[in-house]
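> Right, I'll just put the structure down here and ask away after.
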Amino acid sequence: MPTVLPARPLIAAAPSVASKPSAWAHLRAKWAEQGWDGLFSTLLRMGKVVLTWQQHQSLLSVIDQPGTRAVRAAFPRMPYRYTLPYLSTSLDWQARWSAMRTHYTVVNQAFQSDFSRRVLDDTLDVWRSEHNGHIMTVSVQGLCPVTRHREGELTLCFKMGGAALYKLSFSIVGLADLNLSLERGQTRSAHALYVGRVQGVCGAMEAIRQATTLLGDVAPQDVLMAVLSGLAAALHIDTVLGVSDGTCVSRDTIAQSGSSFCYGQFWARYGGQVLEGGHHLISLPVAEKPLSEIAAKHRKRTQRKREFKREVAAACEQAFRSVLA
18 MPTVLPARPL IAAAPSVASK PSAWAHLRAK WAEQGWDGLF STLLRMGKVV LTWQQHQSLL
78 SVIDQPGTRA VRAAFPRMPY RYTLPYLSTS LDWQARWSAM RTHYTVVNQA FQSDFSRRVL
138 DDTLDVWRSE HNGHIMTVSV QGLCPVTRHR EGELTLCFKM GGAALYKLSF SIVGLADLNL
198 SLERGQTRSA HALYVGRVQG VCGAMEAIRQ ATTLLGDVAP QDVLMAVLSG LAAALHIDTV
258 LGVSDGTCVS RDTIAQSGSS FCYGQFWARY GGQVLEGGHH LISLPVAEKP LSEIAAKHRK
318 RTQRKREFKR EVAAACEQAF RSVLA
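Structure follows, in structure tokens:
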């Protein structure tokens, strides 16, 4: 059964706007890190924020609500994430802004007021299992402190023995925000969970293999997808959108790391349909290949793995329901 740890109190709200010394410090840091090109790019982005100030203030008014103000207190510059590539490189400025605003609107409306504080403290475990003395958990985490990681506002983290092995980052978005060309009947809910990252932790490959074996040949990334399905069920969402290899925000760093993970193949296993803009659409519950079409020698194993993932999803649905408002 999932283990949900007790909440901690919210910390004080952040000020409504960044102070001038803080802004100048940020510009100096940009110049030191990226030179004149980086500084010029930052000034252009901030100039556009000024030109669309009412829109930006609308986002701030949502983030600064009681349920999410702790996020801005911990990451003062997080409201500007939409001014850079966010979730997917195929999303424009307006879509990125809309996606961020929708996410924090839903979190404030749907979850208990201490949800964001628990996420930031990494004290919200939604799944826990023990196999041969190895304790495996999935917790809900917040923004990655590394500035360049803008693949989502929330992260599901698979751990074994307390060490992180795999992460899945996502945001709750409105389908209307993204201007997708959807056929009638492709989705019933107004919202979707947009997955911008599915990535193993560097140096954890051997532990990932061990966890997969202990879980009966169910890989950590598939456990994370089952957990995500549980969240979707709790929120009455029937659609997952996934980034592609070509539109992943961190594709350059992934290429440098030599990772062999392929988003196209991953989403295809969940029946993903490729949409314009490189988005993959996965309908929930995921349609499964009939057992009759699977080789007889693999049917029992396939059925066991499916049952396990359904159990994970059901347990996590209940865990997430326990933190809804």
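If you use my numbering, the sequence shown corresponds to residues 18 to 342, in order.
In this text, a Cβ means the ideal position worked out from N, Cα and C, and glycines have one as well.
1) Between which residues of its own chain and ALA207 is the CB-CB distance below 8 Å, once the five residues before and five after are set aside?
2) Going by C-alpha distance, which of ALA312, GLU200, THR69 and VAL240 is nearest VAL143?
3) What are the residues that DSSP puts in a beta bridge with TYR99?
4) Given that a residue counts as buried once 16 or more other Cβ atoms are within 10 Å of its Cβ, and exposed if not, what is LEU108?
5) In chain order, what residues of the same chain have a beta carbon less than 6 Å from the beta carbon of ALA181, not counting five sequence neighbours either side?
6) Of the choices TYR121, PHE325 and THR229, whose alpha-carbon is the least far from that of TYR10?
7) If we count the other Cβ atoms within 10 Å of its Cβ and call it buried at 16 or more, is MET222 buried or exposed?
8) How far does the alpha helix (DSSP H) with TYR121 in it reach, from first residue to last?
9) Taking 8 Å as the cut-off, does the region 82-93 touch the region 122-136 (at least 3 CB pairs, one atom from each stretch)?
10) Could you pull out every residue in the same chain whose Cβ sits closer than 6 Å to the Cβ of LEU359, ignoring the five residues on either side in sequence?
11) With which residues is PHE278 paired in a DSSP beta bridge?
12) Can you give me the C-alpha to C-alpha distance between VAL235 and ALA243, rounded to a whole angstrom?
13) If you count every other CB in all the chains shown that lies within 10 Å of the CB of GLU147, and 16 or more means buried, which is it?
14) Counting along the chain, where does the beta strand (DSSP E) carrying GLU147 start and finish?
15) So GLN238 and TYR280 are in contact, right, with Cβ under 8 Å, and what is the actual spacing, rounded?
16) Rank GLN158, GLY169 and SER188 by C-alpha distance to the C-alpha of LYS176 and give the top, closest one.
17) What's the gap between the Cα of GLN71 and the Cα of LYS306?
18) If LEU245 and LEU210 are in contact, beta carbons under 8 Å, what's the gap, nearest whole angstrom?
19) Flag this pair as touching only if the region 282-298 and the region 245-265 have three or more C-beta atom pairs under 8 Å; answer yes or no.
20) For HIS208, report the span of its beta strand (DSSP E) as first-last.
21) By the DSSP assignment, the beta strand (DSSP E) with LEU137 in it spans what residues?
22) State the Cα-Cα distance for the pair HIS151 and GLY178, rounded to the nearest angstrom.
23) Compute every distance between the C-beta of VAL240 and the non-hydrogen atoms of the ligand FMN, then say whether any falls below 7 Å.
24) Which value, in whole angstroms, describes the spacing of the CA atoms of PHE325 and GLY263?
25) Please state whether DSSP places ALA24 in a helix, a strand or coil.
26) When DSSP labels each residue in this structure, what does VAL303 get in the three-state scheme?
27) What did DSSP end up calling HIS315 once you bin it into helix, strand or coil?
28) At which residues does the alpha helix (DSSP H) containing ALA181 begin and terminate?
29) Figure out for me which residue from ILE189, PRO102, GLU200 and ARG316 has the closest Cα to the Cα of SER58.
Taking the geometry as given:
1) GLY191, LEU192 and ALA193
2) VAL240
3) Paired residues: none, contrary to the question.
4) buried
5) Cβ contact annotation for ALA181 (same chain, cutoff 6 Å, sequence separation greater than five): CYS174 and VAL218, in chain order.
6) For residue 10 there is no data in the structure shown, the boundaries of the chain being 18 and 342.
7) exposed
8) 110-127
9) yes
10) Shown here, the chain extends from 18 to 342; a query on residue 359 therefore has no answer.
11) Beta-bridge pairing links PHE278 to no other residue.
12) 11 Å
13) Exposed.
14) 142-148
15) The Cβ separation is near 11 Å, so there is no contact.
16) GLN158
17) 49 Å
18) 6 Å
19) yes
20) Run containing HIS208: 208-217, per the beta strand (DSSP E) assignment.
21) No beta strand (DSSP E) contains LEU137, which is instead part of the alpha helix (DSSP H) from 132-137.
22) Spanning the two alpha carbons is a distance of roughly 6 Å.
23) No copy of the ligand FMN appears in this structure; indeed no ligand is present at all.
24) 32 Å
25) Any reading at ALA24 is ruled out, since the residue's pLDDT is 35, under 50, leaving its predicted position unreliable.
26) coil
27) It is helical.
28) Not the alpha helix (DSSP H): ALA181 falls in the beta strand (DSSP E), residues 180-191.
29) PRO102
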